[in-house]
Structures are given as structure tokens and as C-alpha cells.
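Structure, as C-alpha cells:
In my numbering, the protein residues as written are 114 to 321.
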């Protein structure tokens, strides 16, 4: 394999983590991504929280151990790591963030940033990552996603984000309903906008 072909292959790989406060939708989003990319047959019966395979995780309904999945979208290979949202497992989150090139920061559009949101974002920023913000559950009644977006922006500044980190791309989404959109008024037809933003904003695989 030539040096040029190695570089080209790396340019089509994206490694990222999904980080969030507990119950803001990380594992549900990964389930949606796996289904959207055809990881499962159309008629295959798939349980919820596919990535939570540990007995304790299934019993408690939370992610404890970071786990990865690979999906293919167009010519891209996207490697995604699901990280724990519970504060008790913050060390696992920090270890994972040191291994990826980008991250999706999920925030419940109704609840806004929460304590673990602050922790995981602080670690991501300190490591030089440039998070993509996903305002999840944006279709729920009586929530104000744009107000939540402003609060997230304020949190970036409070945590010392660089100018470039503070210019984060964002999407409105419903992981449960399997859609993402760049604007609230855009059609809600699948997760294509999410994959586009990942390909555009997560750096390509770094070579040695």
C-alpha cells in the first residue's frame, strides 16, 4: 500500500465519543445511528440500549463502561464510543476522551446543561477537542431549544473555551424518533444532517 493510499484511507475515518449528563440520550442516539446505518436487518428484532451489554448496565439502565461501535456512511468509517453519563464513572469518560479526535455533546433541550454536562465538557475542552452540540429531545412540548443553546454557549465560555471551540456546530435532534436537523424548521427525515456535520467537523484520523 502506498503512502498516498494510507493518507486517503485515514482521511475517511472519524473517531469520536458521545458525552452527556445521565439520561440525556447518549445510548439512545447510538442505537438510532446503528439502525440508520443498516447495522441491523430491517426485520431484525433489536432490544433498546444495544451498547449496554453488561448485566449491571442493563439492570440500572445506565452506561458504566465505554464501548465502541463502527458504522459506515457514504465513504466514511465512523468509530463511535459511548461513554458513561453517571458522575461515578467520570474516570472512564476522561480515559475515552484522550483516545478520540472529536466528540458529540448531547444536551437535553428541555433540561439544559447539568452537572455532568459541565464535567465532561470541561475535560473535552481541556484536551483540545472541538465538541459538536446536539440539542436532544428538541421535539418535546414546552422546551426552548434555542434558550438551551444559549446556556450551552455560556457554559463553553465559562469553562475557558477557545474562540474556535466556542464556534461549535449544533444540531437539533430526537434520538428516540431518529432525526437530526440543522434548523428547527428543517425537515425531520433521519440522521443524515448528523453524519454530514461529523464528516465536516470531526478531524480525520491522525497518522503516526
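Even glycine gets a Cβ: it sits at the ideal position worked out from N, Cα and C.
Tell me the DSSP bridge mates of residue 229? Looking at the DSSP output, residue 229 shares a beta bridge with no other residue.
For residue 311, which of 151, 135, 136 and 184 has the nearest alpha-carbon? Out of 151, 135, 136 and 184, 184 has the C-alpha closest to the C-alpha of residue 311.
If you scan the region 193 to 268 from start to end, which runs of the beta strand (DSSP E) of 3 or more residues do you find wholly inside it? Runs of the beta strand (DSSP E) inside the region 193 to 268: 215 to 221 and 245 to 249.
Helix, strand or coil at residue 183 according to DSSP, with G and I counted as helix: Assignment of residue 183 by DSSP, reduced to helix, strand and coil, places it in the strand class.
Euclidean distance between Cα positions of residue 264 and residue 226: Approximately 7 angstroms between the Cα atoms of the pair.
So what's residue 308 in DSSP terms, helix, strand or just coil? Three-state DSSP puts residue 308 in a helix.
With DSSP run on the structure shown, which of helix, strand or coil describes residue 61? In this structure the chain extends from 114 to 321, so residue 61 is not present and cannot be described.
If you pair each beta-carbon of the region 265 to 278 with each one of the region 229 to 238, do three or more pairs fall below 8 angstroms? Yes, they touch.
Proximity of residue 128 and residue 289 at Cβ, strictly below 8 angstroms: Against a cut-off of 8 angstroms, the Cβ pair of residue 289 and residue 128 comes out as no contact.
Relative to the C-alpha of residue 244, which candidate in 195, 132 and 308 has its C-alpha closest? Checking every option, the nearest Cα to that of residue 244 belongs to 132.
Only counting the same chain, and skipping five residues up and downstream in sequence, which positions put a Cβ closer than 7 angstroms to that of residue 301? So the list reads 292 and 294, once near-sequence residues are dropped.
Does DSSP put residue 279 in a helix, a strand or coil? If DSSP states are grouped into helix, strand and coil, residue 279 belongs with the helices.
What first and last residue would you give for the beta strand (DSSP E) that runs through residue 135? Where residue 135 is concerned, there is no enclosing beta strand (DSSP E), given that its DSSP letter is neither H nor E.
Just to check my reading of the structure: residue 222 and residue 253 have Cβ atoms closer than 8 angstroms, yes? What is that Cβ distance to the nearest angstrom? Indeed, because the Cβ distance is near 7 angstroms, the residues count as touching under 8 angstroms.
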